[in-house]
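Presented below is the structure to which this report refers.
Residue numbers (the working numbering): 14 to 136.
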């Protein structure tokens, strides 16, 4: 189970790192072309979501790799799961139903990591 948790942590970290860096580095207009929801939020909110995603991605893997503050891994996983709940709510409000599937998948994987790392398989 520890290996499965590490695999899921790595996949999630990669996905959230890429998504977060896009929100941090790409201009708002470019983001709006591929992420319509950006138009509903202020620039600082979009950047804040990007920061949360990058920090969450780092929190999923760095504590386990360094042995420093391993409790941060399930905390990061919980934070990312909650972020996906907010994303699903935003997509539901906009009627973007197919995108909610991605939010549920990523949020479910993050919840799985939190459950595993808080339960029988801590770092």
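Every residue, glycine too, gets a C-beta built ideally from N, C-alpha and C.
Spatial neighbours of residue 15 in its chain, beta-carbon cut-off 6 Å, leaving aside the 5 residues before and after: If you number the chain shown from 1, residue 15 lands on position 2. Correct list, in chain order: 134.
Straight-line CA distance for residue 56 to residue 101? Here residue 56 refers to the residue found at position 43 when the chain shown is read from its first residue. Here residue 101 refers to the residue found at position 88 when the chain shown is read from its first residue. Residue 56 and residue 101: Cα-Cα distance of roughly 20 Å.
Contact belief for residue 69 with residue 92 at Cβ below 8 Å, rounded distance in angstroms: To locate residue 69, count along the chain shown from 1; it is residue 56. To locate residue 92, count along the chain shown from 1; it is residue 79. Indeed they touch by this definition, with Cβ atoms about 5 Å apart.
Cβ separation of residue 136 and residue 76, assumed to be a contact under 8 Å, to the nearest whole Å: Working through the chain shown from its first residue, we reach residue 136 at position 123. Working through the chain shown from its first residue, we reach residue 76 at position 63. With a Cβ gap of about 6 Å, residue 136 and residue 76 count as contacting.
Beta-carbon gap between residue 94 and residue 123 smaller than 7 Å: One-based indexing of the chain shown puts residue 94 at position 81. One-based indexing of the chain shown puts residue 123 at position 110. In contact: residue 94 and residue 123 (Cβ atoms closer than 7 Å).
Find out if the Cβ-Cβ distance for the pair residue 78, residue 22 is shorter than 7 Å. As a first step, residue 78 is located in the chain shown; it is residue number 65 there, counting from the start. As a first step, residue 22 is located in the chain shown; it is residue number 9 there, counting from the start. Contact flag unset, no.
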